[in-house]
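Which chain is which? The protein sequence lines are A and B, in order. Going by the numbering used here, the first sequence opens with residue 7, and the numbers climb by one from there. Going by the numbering used here, the second sequence opens with residue 7, and the numbers climb by one from there. A short worksheet on the structure shown next.
Protein chains: 2
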Amino acid sequence: MHEILFNYIESNSEILLTSQEKEIIKQCFIPKKIRKHQYFLQEGDVCKTTAFIIKGAMRQYSVDDKGVEHIIRLSLEYWWVSDRESIVSQKPSKYYIDAWEDTEVLQASREDMATKIMTIPAVIETFKTMDNNHATALQNRINAAISFTAEQRYEDLLKTYPEFVQRFPQHIIASYLGITKETLSRIRKKGAKQ
Amino acid sequence: MHEILFNYIESNSEILLTSQEKEIIKQCFIPKKIRKHQYFLQEGDVCKTTAFIIKGAMRQYSVDDKGVEHIIRLSLEYWWVSDRESIVSQKPSKYYIDAWEDTEVLQASREDMATKIMTIPAVIETFKTMDNNHATALQNRINAAISFTAEQRYEDLLKTYPEFVQRFPQHIIASYLGITKETLSRIRKKGAKQ
DNA sequence: CGCGGGTTTGATGATGCTCAAGCCCGGTGG
DNA sequence: CCACCGGGCTTGAGCATCATCAAACCCGCG
Numbered sequence: 007m008h009e010i011l012f013n014y015i016e017s018n019s020e021i022l023l024t025s026q027e028k029e030i031i032k033q034c035f036i037p038k039k040i041r042k043h044q045y046f047l048q049e050g051d052v053c054k055t056t057a058f059i060i061k062g063a064m065r066q067y068s069v070d071d072k073g074v075e076h077i078i079r080l081s082l083e084y085w086w087v088s089d090r091e092s093i094v095s096q097k098p099s100k101y102y103i104d105a106w107e108d109t110e111v112l113q114a115s116r117e118d119m120a121t122k123i124m125t126i127p128a129v130i131e132t133f134k135t136m137d138n139n140h141a142t143a144l145q146n147r148i149n150a151a152i153s154f155t156a157e158q159r160y161e162d163l164l165k166t167y168p169e170f171v172q173r174f175p176q177h178i179i180a181s182y183l184g185i186t187k188e189t190l191s192r193i194r195k196k197g198a199k200q
Numbered sequence: 007m008h009e010i011l012f013n014y015i016e017s018n019s020e021i022l023l024t025s026q027e028k029e030i031i032k033q034c035f036i037p038k039k040i041r042k043h044q045y046f047l048q049e050g051d052v053c054k055t056t057a058f059i060i061k062g063a064m065r066q067y068s069v070d071d072k073g074v075e076h077i078i079r080l081s082l083e084y085w086w087v088s089d090r091e092s093i094v095s096q097k098p099s100k101y102y103i104d105a106w107e108d109t110e111v112l113q114a115s116r117e118d119m120a121t122k123i124m125t126i127p128a129v130i131e132t133f134k135t136m137d138n139n140h141a142t143a144l145q146n147r148i149n150a151a152i153s154f155t156a157e158q159r160y161e162d163l164l165k166t167y168p169e170f171v172q173r174f175p176q177h178i179i180a181s182y183l184g185i186t187k188e189t190l191s192r193i194r195k196k197g198a199k200q
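Below, the structure is given as structure tokens:
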């Protein structure tokens, strides 16, 4: 199981992991199963761990005053999951994170991450790359949110993350796009004709 | 002028800068003036430098097929400016960056940043913090974009970045919020009554 | 068969956009 | 000193997009 994480790290950095480093990773990252609909984090809780998805699908979302969920982020295999704001500040999170499918993760505590994991050169490299990718993805999503129509945002999603549409139901996709499920349904209907 | 950057770095990390490190920073970061409306980066260009604003105000935006500008990001004193996607990938940028006020920056090349600046412990610390702040700010802005009404987004902006409203005209703020200047005008009118 | 989650469809309405005009105000030049 | 100009802001009327609400449908599963 940890092999997957080793491969992931090595294929995302120029540096290989030593066997000692692998041992450290093995000790810090605890395997955990999160069943469908089970929470990884609830609003108001302080996020204490960082998880790497081995198998499954998760979502991060806020809930507004009317009780409507708004999907901030969707994550699949080989993605990192945690609420950065909360884990860094150690303040209660504004968001929920739960599993959409039965999910297996490798989970490390904030302390282990800081003191043990983030001293490994290959890991530092990997996180630097991830950080860059993540920041540009967020920026592009903001651009889409403020400059695209609902239809354009959906088309953009189809190109950028076709997996999402396979793995998540339409009402989740709609929420991710910032529209209602009815609107998405109509957009798809229109698109199918052409 | 470089003193400002030294202070900024030291106050954002637990570590102080040695005089050698200060010397390196001085050599890598070149002062530059960018006049109002002058470009720092144009769509299609590859971003080659990272800038730190000493004085002034800048904006990053995309332009849609109708020629309308959409403000992705606004930056003031002591903010970092560059198009991360382009500077990392060395591919043409999708965005424009220009000065909204006459601006003074300290500018470092991609190479100097990677080989010289990012080896300084205090700088690494500082960027780690900035990265965390930036990522959480983007996430919260996405949350606002998909779950708030125009009015709520404006109120949120007033709380989070009151400086923006002082420094940028309303049509820029409107674009940043993903609405038209007319809509923002009406929101403000409504808000003034209460 | 019936239930639950997901999707579709329709009718209606709110929110925010478009277009067009006018206003306000500081700066410039005659 | 006044006229005019430009940038920014406001206002109004009409319209498009998307949300809301309610109902029906679809289908896999116990």
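Yeah, the Cβ is synthetic: ideal placement off N, Cα and C, and Gly gets one too. In this text the structure is predicted, and so the values were computed from the model without any measurement.
Check                                                                                                                                                                       : Outcome
Among E110(B), D162(B) and T166(B), which one has its Cα closest to the Cα of K61(B)?                                                                                       : E110(B)
Check whether chain A comes within 8 Å of R191(B), counting only Cβ atoms and requiring the distance to be less than that.                                                  : Before going further, note that residue 191(B) is Ser rather than Arg in the sequence given. Chain A, which has no Cβ nearer than 8 Å to the Cβ of S191(B), makes this no.
Output needed in chain order: residues of the region 98-132 of chain A with a Cβ under 7 Å from some Cβ in chain B.                                                         : none
Would you list the one or two residues that DSSP bridges to H76(B)?                                                                                                         : S68(B)
Assign H43(B) to one of two classes, buried (16 or more other C-beta atoms within 10 Å of its C-beta) or exposed (fewer than that).                                         : exposed
By DSSP, does F12(A) sit in helix, in strand, or in coil?                                                                                                                   : helix
For L82(B), which of helix, strand or coil comes out of DSSP?                                                                                                               : coil
On the premise that E75(B) lies in contact with S211(B), defined as a C-beta separation below 8 Å, what is that separation, rounded to the nearest angstrom?                : Residue 211(B) lies beyond the range of chain B shown here (7 to 200); nothing can be said about it.
Taking only runs of the alpha helix (DSSP H) that begin and end inside the region 29-62 of chain A, which ones reach a length of at least 4 residues, in chain order?       : none
Exposed or buried, which one is L22(B) when buried takes at least 16 other CB atoms within 10 Å?                                                                            : exposed
Which runs of the alpha helix (DSSP H) spanning at least 4 residues fall entirely within the region 124-165 of chain B, listed in chain order?                              : 127-153
Near V87(A), what residues of its chain come up, given a Cβ to Cβ distance below 8 Å and the 5 sequence neighbours on each side ignored?                                    : F46, T56, A57, F58, I59, M64, Q66, S81, I103 and V111
Within the same chain, show all residues whose beta-carbon is closer than 7 Å to that of T186(A), passing over the 5 residues directly before and after it, in chain order. : A180
Can the beta-carbon of S68(B) be found less than 8 Å from the beta-carbon of N139(A)?                                                                                       : no
Could one say the Cβ of D137(A) lies closer than 8 Å to chain B's Cβ atoms, at least one of them?                                                                           : yes
What residues from the region 87-98 of chain B come within 7 Å of chain A, judged by C-beta to C-beta, listed N to C?                                                       : R90, E91 and V94
Quick one: does L144(B) have its CB under 8 Å from some CB of chain A?                                                                                                      : yes
With H, G and I counted as helix, E and B as strand and the rest as coil, what does DSSP make of L112(B)?                                                                   : strand
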